[in-house]
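Enquirer: Numbering (full-length UniProt numbering), first residue to last: 1 to 736.
From the three backbone atoms N, C-alpha and C, an ideal C-beta is built for every residue, glycine too.
Sending over a structure as structure tokens; questions will come in a sec.
In structure tokens form, the structure reads like this:
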């Protein structure tokens with residue numbers, strides 16, 4: 001069977017890769033439509049320098065790049081010249097050791113080399129600038145147009161057809177499903193599925209920004225095609241050889257978006273006229289790095305256009321409306337084949353073989369789809385490529401969503417971070433630091449304060465007040481099958497979310513973000529209504545041994561008969577609330593949900609009543625440590641469908657021997673000198689007095705007492721697999 005009729009929009013390298021992967025799976029009724037000529041279409045595939053750098057903090061992106069390199073090597077479209085990322089500052093050198101660790105964790109071989117090693121690989125470099133480099137032998141160069149041609153030829157041999165100069169103007173739908181496309185040439189192509197692979201043209205209607213990056217080719221500089229690609233992230237530069245010439249690319253300090261309407265209407269719409277004034281700073285940095293460039297001239301130069309998203313990940317997956325519209329956009333050439341393979345698995349098998357939540361088309365809430373938000377985030381992210389970026393660094397747009405407790409938190413000296421677009425307290429400056437003080441190394445302490453440990457300890461001793469507003473809250477009404485067996489007034493975990501049944505056909509769901517909402521909206525039958533009520537509601541948590549003592553006098557609900565995983569509606573002070581007897585930190589307590597308009601009153605009521613009981617306002621960092629002591633794992637971070645489906649691997653709790661260095665995630669885990677897993681998240685456990693990490697390990701090693709090592713920059717930290725929970729609900733230390 002040839003499979004359903006599929007139309008792919010765009011014959012760049014990604015569109016051709018999708019056609020190749022689909023037809024290889026037996027779906028041969030595939031038509032690829034390209035608005036330009038085949039195969040040098042005029043899009044970003046036509047001008048890309050073709051660099052493939054595989055190692056990234058994201059396991060998913062590394063795997064997509066690794067498959068791309070491997071496939072294009074098989075097809076004869078890839079040159080594994082190697083990659084060399086340079087350090088000219090101590091901070092960057094430390095970051096290269098960290099990236100080496102990512103490579104170890106994700107299965108990509110690399111070596112940190114000294115300045116002499118850098119010169120041996122790329123003799124044209126100025127040695128006096130160098131502190132070291134990260135060498136990845138399997139990195140290299142893709143001939144993107146050639147890769148498109150070869151994959152298109154493979155797909156054509158299996159029955160696909162490729163048509164150039166066909167500009168799709170409309171998607172045809174019926175009853176909310178794709179039925180085909182209409183072109184400017186007044187042709188209709190019926191289809192059961194449409195896959196949009198339009199690159200930066202997807203900026204119309206999607207969270208993509210068309211951005212300019214500059215690229216030049218010099219006259220002869222003494223290079224040769226065996227030289228590795230070079231990245232100089234401290235100055236936003238990359239270099240590759242073109243015979244004896246060098247290509248120099250620049251992500252300028254002020255990356256510039258471009259409007260699609262400003263692109264030229266010629267055969268090369270993705271290539272804008274070169275602007276030498278904006279390149280001057282980059283050229284100076286390039287000649288400092290490679291002195292031989294001073295005797296060259298710019299032979300070719302242009303401003304290339306490519307599509308990027310706010311968070312740097314591609315857009316992959318099926319649109320919710322219309323059904324049958326699939327997307328593979330903002331996909332760099334370095335990830336094109338890997339993204340095509342994963343998307344094909346998703347289309348044909350119903351799920352990809354690897355976790356793609358970071359790339360899911362539906363991962364953004366409506367606020368983060370705003371064009372201005374996307375533009376500002378994308379600009380900030382590209383500018384950040386010039387410095388070692390910490391995972392908790394502010395993303396450029398911090399106060400997009402502000403909850404109703406914000407002013408009260410600010411009055412208490414809250415230090416805010418970002419959580420899914422929300423401002424959320426990390427810790428409160430009004431709380432005292434612990435005595436004796438706790439210290440951390442510069443990296444893990446960049447967005448941390450010892451005050452977080454005070455907040456965690458006071459929560460364990462008395463009671464803490466936490467803001468849970470950034471969590472996603474969903475209301476479901478109607479015959480909801482997922483909650484049909486849940487008694488009224490109880491809370492149950494279901495399909496990765498927490499379902500509370502308040503009445504016969506009324507449910508509240510605590511979810512982890514837009515992807516859970518998307519899954520629900522796809523799954524509900526007629527007669528069931530699903531609403532994201534996060535924006536109109538708020539949530540507090542009151543956790544700690546004094547939680548009942550604090551809340552009981554304030555509410556009409558009988559807390560004495562309120563059992564674990566139960567829910568009640570009532571009033572707290574003058575605010576109508578829903579109380580849920582759940583705790584992520586291993587202490588007695590309740591989550592309190594209310595309409596946002598009651599938020600300030602609700603905070604004040606709890607805060608005033610808690611003064612005499614030692615109530616502490618606590619931030620997200622304290623909550624992270626407490627929840628890990630409890631053994632509570634985060635969805636998408638600590639657990640994914642892919643990892644949980646592997647019967648030979650298990651999530652293990654590790655306790656580190658040293659106290660001042662706390663991993664942040666992605667670090668490799670070693671046993672017997674070999675990489676056996678990776679860290680998913682970590683925090684300092686103030687109650688147990690040690691850093692805690694979760695890691696996926698072979699099940700035979702995920703046994704309490706097993707000693708392992710965690711790769712942390714250029715050293716390894718001793719850790720021990722430990723039974724959970726590390727702390728029991730009575731506050732007694734279980735870790736000895």
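Determine the extent of the beta strand (DSSP E) in which residue 538 is found, giving its start and end residues.
Expert: To locate residue 538, count along the chain shown from 1; it is residue 538. Element bounds for residue 538: 537-543.
Enquirer: If you run the structure through DSSP and keep just helix, strand and coil, what is residue 532?
Expert: For the purposes of this step, residue 532 is taken as residue 532 along the chain shown, with counting starting at 1. In this structure, residue 532 counts as strand in the three-state DSSP scheme.
Enquirer: Report buried or exposed for residue 351, applying the criterion of at least 16 other Cβ atoms within 10 angstroms of its Cβ.
Expert: For this step, residue 351 is matched to residue 351 along the chain shown. Flag for residue 351 reads exposed.
Enquirer: Using alpha carbons as the reference points, say which of 427, 557, 370 lies closest to residue 411.
Expert: The residue given as residue 411 occupies position 411 in the chain shown. Of 427, 557, 370, the residue nearest in Cα terms is 427.
Enquirer: Indicate the three-state DSSP secondary structure (helix, strand or coil) for residue 653 in the structure shown.
Expert: Residue 653 sits at position 653 when you count from the first residue of the chain shown. In this structure, residue 653 counts as strand in the three-state DSSP scheme.
Enquirer: If distances are taken between C-alpha atoms only, which option among 453, 425, 419 comes closest to residue 435?
Expert: Within the chain shown, the letter at position 435 stands for residue 435. For the residues 453, 425, 419, the minimum Cα distance to residue 435 belongs to 453.
Enquirer: By DSSP, does residue 590 sit in helix, in strand, or in coil?
Expert: By one-based count along the chain shown, residue 590 stands at place 590. In this structure, residue 590 counts as strand in the three-state DSSP scheme.
Enquirer: In whole angstroms, what is the alpha-carbon distance linking residue 558 and residue 665?
Expert: One-based indexing of the chain shown puts residue 558 at position 558. One-based indexing of the chain shown puts residue 665 at position 665. Cα to Cα, residue 558 sits roughly 42 angstroms from residue 665.
Enquirer: Between residue 713 and residue 98, what straight-line distance do the alpha-carbon atoms span, to the nearest angstrom?
Expert: Against the chain shown, residue 713 aligns to sequence position 713. Against the chain shown, residue 98 aligns to sequence position 98. If you take the alpha carbons of residue 713 and residue 98, they lie about 4 angstroms apart.
Enquirer: Using DSSP with H/G/I as helix, E/B as strand and the rest coil, what is residue 35?
Expert: Along the chain shown, one-based indexing puts residue 35 at 35. Note: residue 35 maps to coil in three-state DSSP.
Enquirer: Check residue 431 in the structure and name its three-state DSSP category.
Expert: Taking the chain shown and counting its residues from 1, one reaches residue 431 at position 431. Coil at residue 431, not helix or strand.
Enquirer: Give me the Cβ distance between residue 149 and residue 274, rounded to the nearest whole Å; I'm assuming they're in contact under 8 angstroms.
Expert: Position 149 of the chain shown holds residue 149. Position 274 of the chain shown holds residue 274. Not confirmed; about 27 angstroms, so no contact.
Enquirer: State yes or no: is the C-beta of residue 717 within less than 7 angstroms of the C-beta of residue 710?
Expert: Against the chain shown, residue 717 aligns to sequence position 717. Against the chain shown, residue 710 aligns to sequence position 710. Cβ atoms of residue 717 and residue 710: closer than 7 angstroms.
Enquirer: Out of curiosity, what's the CA-to-CA distance linking residue 114 and residue 280?
Expert: Along the chain shown, read from residue 1 onward, the residue named residue 114 stands at position 114. Along the chain shown, read from residue 1 onward, the residue named residue 280 stands at position 280. When rounded, the distance between both Cα atoms is 29 angstroms.
Enquirer: Would you mind working out which of 331, 404, 629, 522 sits nearest residue 65, comparing C-alpha positions?
Expert: Within the chain shown, numbered from 1, the residue matching residue 65 stands at position 65. When only C-alpha atoms are compared, the closest one is 331.
Enquirer: Entirely within the segment 8-62 and at least 4 residues each: give me those alpha helix (DSSP H) ranges in chain order.
Expert: Whole alpha helix (DSSP H) segments, 4+ residues: 13-24, 44-47.
Enquirer: Using only the heavy atoms of the ligand FMN, determine whether one of them is closer than 6 angstroms to the beta carbon of residue 443.
Expert: This structure simply doesn't include the ligand FMN, nor any ligand for that matter.
Enquirer: Among 622, 601, 227, 684, whose alpha-carbon lies nearest the alpha-carbon of residue 424?
Expert: Here residue 424 is taken as the residue at index 424 of the chain shown, counted from 1. Nearest C-alpha to residue 424: 622.
Enquirer: Tell me which same chain residues have a C-beta within less than 7 angstroms of the C-beta of residue 731, skipping the five on either side of it?
Expert: By one-based count along the chain shown, residue 731 stands at place 731. Summary for residue 731: the model assigns pLDDT 46, below 50, so the residue's position carries little reliability, and this model does not support an answer.
Enquirer: Look at the alpha carbon of residue 106 and the alpha carbon of residue 63, and state the distance between them as a whole number of angstroms.
Expert: Against the chain shown, residue 106 aligns to sequence position 106. Against the chain shown, residue 63 aligns to sequence position 63. About 7 angstroms.
Enquirer: Return the residue from the list 662, 683, 654 that minimises the CA-CA distance to residue 671.
Expert: By 1-based counting over the chain shown, the position of residue 671 is 671. Measuring from the Cα of residue 671, the nearest candidate turns out to be 654.
Enquirer: With DSSP as the reference, please indicate the residues paired to residue 451 in a beta bridge.
Expert: As a first step, residue 451 must be located in the chain shown, where it is residue number 451. Looking at the DSSP assignment, residue 451 forms no beta bridge with any residue, so it has no partner.
Enquirer: Please classify residue 106: does DSSP put it in a helix, a strand, or coil?
Expert: Taking the chain shown and counting its residues from 1, the one referred to as residue 106 is at position 106. Reduced to three states, the DSSP call for residue 106 is helix.
Enquirer: Going straight from the alpha carbon of residue 429 to that of residue 615, what length do you get?
Expert: The sequence position of residue 429 within the chain shown is 429, counting from 1. The sequence position of residue 615 within the chain shown is 615, counting from 1. Those two C-alpha atoms are separated by around 15 angstroms.
Enquirer: Please determine if the segment 330-348 and the segment 68-88 are in contact, where contact requires at least 3 C-beta pairs separated by less than 8 angstroms.
Expert: Yes, since at least three Cβ pairs between the segment 330-348 and the segment 68-88 fall closer than 8 angstroms, the two stretches touch.
Enquirer: With residue 780 and residue 374 assumed to form a contact (beta carbons below 8 angstroms), what rounded beta-carbon distance in angstroms separates them?
Expert: This structure leaves residue 780 out entirely; the chain is present only between 1 and 736.
Enquirer: Would residue 538 pass as a contact of residue 599 if the rule is Cβ separation under 7 angstroms?
Expert: For this step, residue 538 is matched to residue 538 along the chain shown. For this step, residue 599 is matched to residue 599 along the chain shown. Result yes, Cβ atoms of residue 538 and residue 599 sit closer than 7 angstroms.
Enquirer: State the start and end residues of the unbroken beta strand (DSSP E) segment that holds residue 473.
Expert: Working through the chain shown from its first residue, we reach residue 473 at position 473. Segment 472-477, the beta strand (DSSP E) holding residue 473.
Enquirer: Apart from the five residues on each side of it in sequence, which residues of its chain come closer than 7 angstroms, Cβ to Cβ, to residue 633?
Expert: Looking up residue 633 in the chain shown gives position 633. 639, 651, 694, listed in sequence order.
Enquirer: Under 7 angstroms between the Cβ atoms of residue 593 and residue 643?
Expert: For the purposes of this step, residue 593 is taken as the residue at position 593 of the chain shown. For the purposes of this step, residue 643 is taken as the residue at position 643 of the chain shown. No. Outside cutoff.
Enquirer: Does the segment 155-163 touch the segment 19-33, meaning 3 or more C-beta pairs lie closer than 8 angstroms?
Expert: Contact holds: three or more Cβ-Cβ distances are below 8 angstroms.
Enquirer: Quickly, what does DSSP pair residue 242 with across the bridge? List them, please.
Expert: The residue labelled residue 242 in the question sits at position 242 within the chain shown. In the DSSP output, where bridge partners are listed per residue, residue 242 has 245.
Enquirer: Measure the alpha-carbon distance for residue 813 versus residue 604 and round it to whole angstroms.
Expert: Nothing about residue 813 can be reported from this structure: the residues present for the chain run from 1 to 736 only.
Enquirer: So what does DSSP say about residue 463, is it helix, strand or coil?
Expert: Your numbering for residue 463 matches position 463 in the chain shown. Residue state, collapsed to three classes: strand.
Enquirer: What's the gap between the Cα of residue 317 and the Cα of residue 11?
Expert: Start at 1 with the first residue of the chain shown, and residue 317 comes out as number 317. Start at 1 with the first residue of the chain shown, and residue 11 comes out as number 11. Between residue 317 and residue 11, the C-alpha separation is close to 18 angstroms.
Enquirer: Identify whether residue 162 lies in helix, strand or coil by the three-state DSSP scheme.
Expert: Here the question's residue 162 lines up with position 162 in the chain shown. Looking at residue 162 - three-state DSSP - the assignment turns out to be strand.
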